[in-house]
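Here is the structure we will look at.
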Amino acid sequence: MDGTVTPNSSHMLWHNTRLATLEGKGWGMIDDGALITDGARIVWVGRHKDLPDAMTQDIDESHDLGGLLVTPGLIDCHTHLVYGGHRSDEFELRLQGATYESISRAGGGIRSTVAATRASSEQLLFERAMQCACVLMREGVTTLEIKSGYGLSLADEARCLRVARRLGESLPVSVRTTFLGAHAVPTEFDGRADEYIAAVCDWIPALAAEGLVDAVDAFCDTTAFTASQVQRVFEAARAHGLPVKLHAEQRVGSGGAALAASFDALSCDHLEYLDDNGIAAMKASGSVAVLIPTAYYFLRESQMPPVSALRRAGVPIAVATDHNPGSSPGLSLLLAANMACTLFGLKPLEAVQAITVHAARALGMHDRGRLVAGQRADFAAWDLDHPNELAYWMSGVRAQRVIVGGTERS
Ligand code: DI6
Ligand code: FE
1191 MDGTVTPNSS HMLWHNTRLA TLEGKGWGMI DDGALITDGA RIVWVGRHKD
1241 LPDAMTQDID ESHDLGGLLV TPGLIDCHTH LVYGGHRSDE FELRLQGATY
1291 ESISRAGGGI RSTVAATRAS SEQLLFERAM QCACVLMREG VTTLEIKSGY
1341 GLSLADEARC LRVARRLGES LPVSVRTTFL GAHAVPTEFD GRADEYIAAV
1391 CDWIPALAAE GLVDAVDAFC DTTAFTASQV QRVFEAARAH GLPVKLHAEQ
1441 RVGSGGAALA ASFDALSCDH LEYLDDNGIA AMKASGSVAV LIPTAYYFLR
1491 ESQMPPVSAL RRAGVPIAVA TDHNPGSSPG LSLLLAANMA CTLFGLKPLE
1541 AVQAITVHAA RALGMHDRGR LVAGQRADFA AWDLDHPNEL AYWMSGVRAQ
1591 RVIVGGTERS
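Start counting at 1 in the sequence shown, then tack on 1190, and there's your number in our numbering.
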């Protein structure tokens, strides 16, 4: 699956499959299902025996899916895939009692990854990110968000975003890029966080003009930026017509989610310390709650996000890997879905919606995440009896076949 795709033709029939369409409130199962794709789009979904005759005559190519279960392609809506080095030393320190915050205050944490990223060539960053993306793709990931945030200078942030864009051009996966200049204060701005925020705001037009930015994110945290600093970044994003999202309420409650919601954020991510006010604001703005159980696990946190209250309020819940070298060095979206069930109490159906239809919404992409006519033809075929197994197995599940934009990955 490393880069090569088989040629596409116009009308293709995909049959002999059980479909979990995720249309409506449940799994949307269709036994003896079939899909018709026209180029990159799905044009018909249903029981094979209900396929209209007129459609049958139009089919250029037929693909037997061998009775496999088909779901929408998976969507990892929060990753930091482009960086240099690793932080296994900090992992050891934390196991000996150091905290994420104390390591960060001592100049480690994000800053150490920034140093390693700046020291890496663009080609090396690309190759490493490519390896990571390929691991995610083996599990049926067809859309991937990639944040910058380990460059923290205009040139280095641009380099990381270019790597992300190049990944999307080189691999059969859709990549959404997010500018996360407000991830940490770089050493050259030590003690001058407000000046750094002004610089980040100044970089937005140049990065946007180069087509490198689909959304703008920030890290609202005691080790990073205050809500009022984040607000300035969001105002700059809005001035350039860019949607925002926020790392919010992860280790402390800071009001970040309510602020992000007031900017109609696509999503607020983490949310362990989200309060009722933040939930109400997210509901009103339609922001998605992106939960990151792997970071909660890896940082050995104990405060759970308010899943029941989010559910009661009707805030859509997504789940992502948050792949990064500091708080979530994992590459399995399915394990994240499993942990969302075991650690946060999601139901398997909710966990699968969280890595498909709700993850699409967290990226502002309404053309994917379900198997219905009109959506992009992104789907994965699994050797599983039931789609709840996607949240059940802790490892070892691979997509047998993956179709991206109507074309099968080889
Ligand atoms: N996402 C982030 O950006 C931060 N935490 C998180 O879950 C920090 C990442 C890092 O420590 O490198
Ligand atoms: Fe993150």
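For every residue, glycine included, the Cβ atom is placed at its ideal position computed from N, Cα and C.
Query, Result
"Stretch pair the segment 1269–1282 + the segment 1220–1238: three plus CB contacts closer than 8 Å", "no"
"Sub-7 Å separation of Leu-1147 and Trp-1583 beta-carbons", "Here the chain has residues from 1191 to 1600 only, and residue 1147 is not among them."
"Any non-hydrogen atom of the ligand DI6 closer than 6 Å to Asp-1407 Cβ", "no"
"Spatial neighbours of His-1238 in its chain, beta-carbon cut-off 8 Å, leaving aside the 5 residues before and after", "His-1205, Asn-1206, Asp-1222, Gly-1223, Ala-1224"
"The ligand FE heavy atom lying under 6 Å from the CB of Asp-1266", "no"
"Contact check, Ile-1507 vs Ala-1479, beta carbons under 7 Å", "yes"
"Ala-1389: CB within 6 Å of a non-hydrogen atom of the ligand DI6", "no"
"beta-carbon Asn-1206 near the ligand DI6 non-hydrogen atom, thresh 6 Å", "no"
"Beta-carbon proximity list for Ala-1552, same chain, < 7 Å, skipping 5 on both sides", "Cys-1267, Leu-1456, Ser-1457, Val-1478, Val-1480, Ala-1508"
"Enclosing alpha helix (DSSP H) for Met-1245 [first to last residue]", "1243–1247"
"Terminal residues of the beta strand (DSSP E) in which Pro-1262 lies", "1259–1262"
"Leu-1264 versus Arg-1591 - alpha carbon distance", "13 Å"
"Local conformation of Thr-1211 per DSSP, three classes", "coil"
"Contact check, Gly-1616 vs Gly-1299, beta carbons under 7 Å", "Here the chain has residues from 1191 to 1600 only, and residue 1616 is not among them."
"Runs of alpha helix (DSSP H) lying entirely within the segment 1471–1529, each at least 4 residues, in chain order", "1483–1488, 1497–1503"
"Gly-1371 in three-state terms, based on DSSP", "strand"
"Option nearest Glu-1359 by Cα separation, candidates Tyr-1463, Met-1320, Asp-1392", "Met-1320"
"Residue of Ser-1518, Thr-1307, Asn-1467, Glu-1462 minimising C-alpha distance to Ser-1492", "Glu-1462"
"Ile-1293 beta carbon near the ligand DI6 (any heavy atom closer than 6 Å)", "no"
"Neighbourhood of Leu-1315 by C-beta distance below 8 Å, restricted to the same chain and skipping five residues each side", "Val-1272, Tyr-1273, Gly-1274, Thr-1307, Arg-1349, Cys-1350, Val-1353"
"Straight-line Cα distance separating Ala-1323 from Asp-1346", "20 Å"
"Pairwise C-alpha distance: Ser-1600 and Ala-1503", "42 Å"
"Asp-1512 CB to nearest heavy atom of the ligand FE below 6 Å", "yes"
"Ala-1485 beta carbon near the ligand DI6 (any heavy atom closer than 6 Å)", "yes"
"Three-state class that DSSP yields for Ala-1563 in the structure shown", "coil"
"Span of the beta strand (DSSP E), counted from its first residue to its last, around Asp-1222", "1219–1228"
"Coarse secondary structure for Gly-1468, derived from DSSP in three states", "helix"
"DSSP state of Glu-1400 mapped onto helix, strand, coil", "coil"
"Proximity of Ala-1589 and Ala-1567 at Cβ, strictly below 7 Å", "no"
"Heavy atom of the ligand HEM within 6 Å of Ile-1300 beta-carbon", "Of the ligands one can find in the structure shown, namely the ligand DI6 and the ligand FE, none is the ligand HEM."
"Thr-1368 beta carbon near the ligand DI6 (any heavy atom closer than 6 Å)", "no"
"Close beta carbons around Val-1420, own chain, < 6 Å, minus the five adjacent residues each side", "Ala-1408, Cys-1410"
"Contact the segment 1548–1565 vs the segment 1238–1253: 3+ CB pairs below 8 Å", "no"
"Assigned exposure category for Asn-1528 - 16 Cβ within 10 Å defines buried", "buried"
"For Phe-1316, the three-state DSSP class (helix, strand or coil)", "helix"
"Which listed residue (Arg-1355, Leu-1342, Val-1406, Leu-1580) has its alpha carbon closest to that of Tyr-1386", "Leu-1342"
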